[in-house]
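Peer 1: Top to bottom, those sequences are chains A and B. Counting with my numbering, you get residues 9 to 423 for the letters of the first sequence. Counting with my numbering, you get residues 6 to 244 for the letters of the second sequence. Idealized CB from N, CA, C, for every residue including glycine. Let me give you the structure first, and then I'll get to my questions.
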Amino acid sequence: MDTRSWSRPTLSPVKLLWFHLMPYPELPDDFNKKHRSVWVDIDPGLFDPDVMADCYERYSDQLVHAEECGFDGICVNEHHGNGYGLMPSPNVMASVLATRTSRVAITVLGNSVALYNPPVRVAEEMAMLDLLSRGRLISGFPVGTSMDTAYAYSVNPGTLRARYHEAIELIMKAWSATEAFPFNGRFTQMRYVNVLPRPLQKPHPPIWIPGGGSVETWDYCSTNDFVYAALSYYGHLMAKETVSGYWRRVEANGKDPNPYRLAFLQFIGVGDTDEEAYRLYKEPAEYFFNRSLHVYPGYADPPGYVTEASARARYRSQVRTVARAKQAKHDLTWDEMVEKGYVVIGSPDTVRETLTDVARTFNCGHLLTMLQFGNMSDELTRYNTELFGDKVAPGLRGLFADAEDHWWPANARAA
Amino acid sequence: MAGHQQFVYLCGIAGLPAPSPALEVLAGTGWEVVVPDLPGFDGRAGFQPPDDYLGWLTVVWDALDATGALPCPVVGASVGGMLAADLAALRPEAVSALALLAPFGIFDETHPGLDLYALPATERMAHLFAKDVPEPFVDRFGHLGPDEGPVARYICDVAAASLVWPLGDRGNARRVHRLPGPTLLLWGDQDELLPIAVSARWTEAAGVPVEIVAGAGHLLEWDAPEEVATRLAEFLAGD
Chain A
9 MDTRSWSRPT LSPVKLLWFH LMPYPELPDD FNKKHRSVWV DIDPGLFDPD VMADCYERYS
69 DQLVHAEECG FDGICVNEHH GNGYGLMPSP NVMASVLATR TSRVAITVLG NSVALYNPPV
129 RVAEEMAMLD LLSRGRLISG FPVGTSMDTA YAYSVNPGTL RARYHEAIEL IMKAWSATEA
189 FPFNGRFTQM RYVNVLPRPL QKPHPPIWIP GGGSVETWDY CSTNDFVYAA LSYYGHLMAK
249 ETVSGYWRRV EANGKDPNPY RLAFLQFIGV GDTDEEAYRL YKEPAEYFFN RSLHVYPGYA
309 DPPGYVTEAS ARARYRSQVR TVARAKQAKH DLTWDEMVEK GYVVIGSPDT VRETLTDVAR
369 TFNCGHLLTM LQFGNMSDEL TRYNTELFGD KVAPGLRGLF ADAEDHWWPA NARAA
Chain B
6 MAGHQQFVYL CGIAGLPAPS PALEVLAGTG WEVVVPDLPG FDGRAGFQPP DDYLGWLTVV
66 WDALDATGAL PCPVVGASVG GMLAADLAAL RPEAVSALAL LAPFGIFDET HPGLDLYALP
126 ATERMAHLFA KDVPEPFVDR FGHLGPDEGP VARYICDVAA ASLVWPLGDR GNARRVHRLP
186 GPTLLLWGDQ DELLPIAVSA RWTEAAGVPV EIVAGAGHLL EWDAPEEVAT RLAEFLAGD
């Protein structure tokens, strides 16, 4: 088994990853009229455990299918009390996928480390996943949304980020220490830190930081040489400001513009023709954006969740305010979703052209594709995935072939 | 009342954007109201919440000691009531009399009240009062302008929220038996954040009867300034 370090990279083309939120597919038609929020205080009576058990089986099969279709990585993430993201523990799902796949990067874009005390539990579980996958783990450390952290898990938003940074510091040290050590943090004190097992990848699995667009996160990623994963649901047009802001901070921090410093998430629907794609993906997109993204606005703004600098920037940003106001009305039309780039749809040629332009414009080497969303059926999901793998992906493979991906797992392999 | 009279006032969950009418009534009768400069509540840039409640007590006590007013009577409202109760319980020599106006510090699962910070920011102020939102709270820090005013409001809210997140219970029920001297407990019967039933938990734990202020919300000294001032004046006169 090759245990070479991911810090000794080889030249490699763009990476295509298949991302699953694992949504509940049977929210009622009038959900956004009769219920306050899909998150935090959603009515648990809406969820049928049998339906969700079937979903877990079907969704994990879809992720395995992505490997068969040539994707480079598969992604899971973490949400709590959420009707469109039913992976409170992405590690549980990742452990299933680690043993059901043999080639793809297992990309865990949880864990929200500030939620776990002591955070060494995350260090332990990530190490286990790296071993189970034989060195194919990407370890994501999001701060976590306000809904997940401040409300569903009741962590004080005023100290969330300090906890988060301390937790990552502890995890990184725990992965690399050569002996048990004491840790005297502001939020975690331990006499004996001795994480066993240790990760297979040395010095540790690649670290990706999912984020929404704060200056602090851009600086944190670039100064620590972590990948910044821009995870907005609102597509490439809305993300331009975020991505350009990130690259400005990369440059300001004296780092090279390696495209593999960035990952970007995009909802995608591929059809044989533009017309077919327009017809096929309307319903699941409307389900996601107008029904399951129905989040009570009161959960978006707990005092302290964003730093003073980000608050100052936000109060001056008209773009985001307008976007939020529009989304909150749940009146997006399918045409608007397409026009605004929330979902990239079309024939393989159309999608490839758009994504090529996005990747080049964003200088993004890790494309996170959302090919299942909302209540999309298994049949359509597989169709979407196969079309993308067969007819879109080959045209993207030439991108960034001369760059070095320092942030890819040691033993993840191309198809 | 004889000689120099003063008391310390610890403000409530929305800060103190202007002297409250109740305090002004007392000031008009010869009381000097000492308002310590609590970190964050002034909206000043650069504020970082303390790591924990002990950290909060430390910075608040530093601010209180800096006034040079202690020992003296202490009046605390809302989150300031929680801090005042702990000052009296843990430093009894510093507090000659204690008046609590709907204090945080004890949470009752059967009467959870409104989660202020699970409301959009623009809607929060209306739930602190039973009557119209007093003018100073309509546009807190508005004097700082359209750019910095909202930031200062945010910082003030960060300070208050970090004190009470997630329930506003800092274990005061296990300490209030140590309250040393005379204590006044006032509560608005229209309090949305801490329903009047919560006052019974304070009475049980501290042995202090509650005096209800009819028609008043959480920041009761703004909803019923005359009545609150009168009761405070009577209480303080007996100190």
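1) At a Cβ cut of 7 Å, what residues of the region 167–191 of chain B count as close to chain C, listed as they run along the chain?
2) Name, please, each residue of chain A whose Cβ falls closer than 8 Å to the Cβ of V30/B.
3) Are A422/A and L208/A closer than 9 Å when you measure CB to CB?
4) Quick one: is S45/A buried, meaning 16 or more other Cβ sit within 10 Å of its Cβ, or exposed?
5) Along the chain, where does the alpha helix (DSSP H) containing N232/A start, and where does it finish?
6) What does a CB cutoff of less than 6 Å around P96/A pick up in its chain, not counting 5 residues either side in sequence?
7) Taking DSSP as the reference, what is the three-state secondary structure of F240/B?
8) Quick check on the burial criterion: 16 or more other C-beta atoms within 10 angstroms. Buried or exposed for A242/B?
9) Less than 7 Å between C-beta atoms, sequence neighbours within five positions excluded: which residues of the same chain meet that for P123/A?
10) Please report the straight-line C-alpha distance between D398/A and P54/B, rounded to a whole angstrom.
11) Between the region 147–158 of chain B and chain A, which residues of the former have a C-beta closer than 7 Å to a C-beta of the latter?
12) For the 8 Å Cβ check, are there 3 or more pairs between the region 191–210 of chain B and the region 185–196 of chain A?
13) Quick one: does V481/A have its CB under 9 Å from some CB of chain B?
14) Using the C-alpha atoms, what's the distance from D56/A back to V359/A?
15) Can you grab the Cα-Cα spacing for the pair L95/B / L75/B, in whole Å?
16) Pick helix, strand or coil for K248/A, following the three-state DSSP scheme.
17) Measure the alpha-carbon distance for P218/A versus D162/B and round it to whole angstroms.
18) Spell out whether any CB of chain A is found under 9 Å from the CB atom of A131/B.
19) Let me know the secondary structure DSSP gives W227/B once reduced to three states.
20) Of all the CB atoms in chain B, is at least one closer than 9 Å to the CB of R257/A?
21) Does the Cβ of V181/B have 16 or more other Cβ atoms within 10 Å, making it buried, or fewer, making it exposed?
22) To the nearest whole angstrom, what separates the beta carbons of L178/A and P127/A, a pair I think is in contact under 8 Å?
23) Confirm, please, whether the CB-CB distance from Y241/A to F275/A is below 9 Å.
24) Should the region 200–214 of chain B be regarded as contacting the region 225–239 of chain B, the criterion being three or more beta carbon pairs within less than 8 Å?
25) How far does the beta strand (DSSP E) with Y200/A in it reach, from first residue to last?
26) On the DSSP letters alone, give me the boundaries of the beta strand (DSSP E) that I82/A sits inside.
27) Within the region 25–75 of chain B, note down every full beta strand (DSSP E) run reaching 3 residues or more, in order along the chain.
28) Measure the C-alpha to C-alpha separation of A205/B and P151/B and round it to an integer number of angstroms.
29) Note down, in chain order, each residue of its chain lying with its Cβ closer than 8 Å to the Cβ of V4/B, except the 5 sequence neighbours on either side.
30) If we ignore side chains and look at the alpha-carbon of each, how far apart do Y366/A and G86/B end up?
31) Under a Cβ-count criterion, where at least 16 other Cβ atoms within 10 Å of its own Cβ denotes burial, should V13/B be classed as buried or exposed?
32) By the criterion of Cβ-Cβ separation under 8 Å, what are the contact partners of L124/B in chain A?
Peer 2: Straight from the coordinates:
1) Of the protein chains in this structure, namely A and B, none is chain C.
2) As a working note, residue 30/B is residue 25 in the second sequence. Under the 8 Å cutoff, chain A gives no residues; its nearest Cβ is about 31 Å from V30/B.
3) Locating residue 422/A in the first sequence gives position 414, counting from the first residue. Locating residue 208/A in the first sequence gives position 200, counting from the first residue. Not closer than 9 Å, so no.
4) By one-based count along the first sequence, residue 45/A stands at place 37. Under this definition S45/A is a buried residue.
5) The residue given as residue 232/A occupies position 224 in the first sequence. V223 to N232 is the extent of the alpha helix (DSSP H) around N232/A.
6) The residue you call residue 96/A lines up with position 88 of the first sequence. Cβ neighbours of P96/A beyond the five flanking positions: H88.
7) The residue given as residue 240/B occupies position 235 in the second sequence. In the structure shown, F240/B sits in a helix (DSSP, three-state: H, G or I).
8) Here residue 242/B refers to the residue found at position 237 when the second sequence is read from its first residue. Classification for A242/B: exposed.
9) Here residue 123/A refers to the residue found at position 115 of the first sequence. Looking at the sequence itself, residue 123/A is Leu, so the reference to Pro does not match. Same-chain partners within the cutoff: G152, T157, Y161 and V163.
10) Locating residue 398/A in the first sequence gives position 390, counting from the first residue. Locating residue 54/B in the second sequence gives position 49, counting from the first residue. C-alpha separation (whole angstroms): 52 Å.
11) D152, P155 and V156
12) no
13) A query on residue 481/A cannot be resolved here, the shown segment of chain A reaching from 9 to 423 and no further.
14) Taking the first sequence and counting its residues from 1, one reaches residue 359/A at position 351. Taking the first sequence and counting its residues from 1, one reaches residue 56/A at position 48. It is roughly 36 Å from the alpha-carbon of V359/A to the alpha-carbon of D56/A.
15) Here the question's residue 95/B lines up with position 90 in the second sequence. Here the question's residue 75/B lines up with position 70 in the second sequence. Near 14 Å, if we compare the C-alpha coordinates of L75/B and L95/B.
16) Position 240 of the first sequence holds residue 248/A. Helix, per DSSP.
17) Taking the first sequence and counting its residues from 1, one reaches residue 218/A at position 210. Taking the second sequence and counting its residues from 1, one reaches residue 162/B at position 157. Between P218/A and D162/B, the C-alpha separation is close to 27 Å.
18) Counting from 1 along the second sequence, the entry for residue 131/B is found at position 126. By this cut-off, A131/B is not an interface position.
19) As a working mapping, residue 227/B is identified with position 222 in the second sequence. Helix, per DSSP.
20) The sequence position of residue 257/A within the first sequence is 249, counting from 1. With 9 Å as the cut-off, R257/A does not count as an interface residue toward chain B.
21) In the second sequence, the residue the question calls residue 181/B occupies position 176. Classification for V181/B: buried.
22) Position 170 of the first sequence holds residue 178/A. Position 119 of the first sequence holds residue 127/A. Between P127/A and L178/A the Cβ distance is about 5 Å, and since that is below 8 Å, they are a contact.
23) Taking the first sequence and counting its residues from 1, one reaches residue 275/A at position 267. Taking the first sequence and counting its residues from 1, one reaches residue 241/A at position 233. Taking 9 Å as the Cβ cut-off, F275/A and Y241/A qualify as a contacting pair.
24) no
25) Numbered from its first residue, the first sequence carries residue 200/A at position 192. First-last of the beta strand (DSSP E) with Y200/A: Q197 to V201.
26) Numbered from its first residue, the first sequence carries residue 82/A at position 74. Start and end: G81 to V84.
27) 36–39
28) Taking the second sequence and counting its residues from 1, one reaches residue 205/B at position 200. Taking the second sequence and counting its residues from 1, one reaches residue 151/B at position 146. Taking the straight line joining both Cα atoms gives about 43 Å.
29) Nothing can be reported for residue 4/B, as the shown portion of chain B is limited to 6 through 244.
30) Position 358 of the first sequence, counting from 1, holds the residue named residue 366/A. Position 81 of the second sequence, counting from 1, holds the residue named residue 86/B. The sequence given here places Val at residue 366/A; Tyr does not occur at that position. The C-alpha of V366/A lies about 55 Å from the C-alpha of G86/B.
31) Taking the second sequence and counting its residues from 1, one reaches residue 13/B at position 8. With 16 or more Cβ atoms within 10 Å of its Cβ, V13/B is classed as buried.
32) Along the second sequence, read from residue 1 onward, the residue named residue 124/B stands at position 119. The contacting residues are G306.
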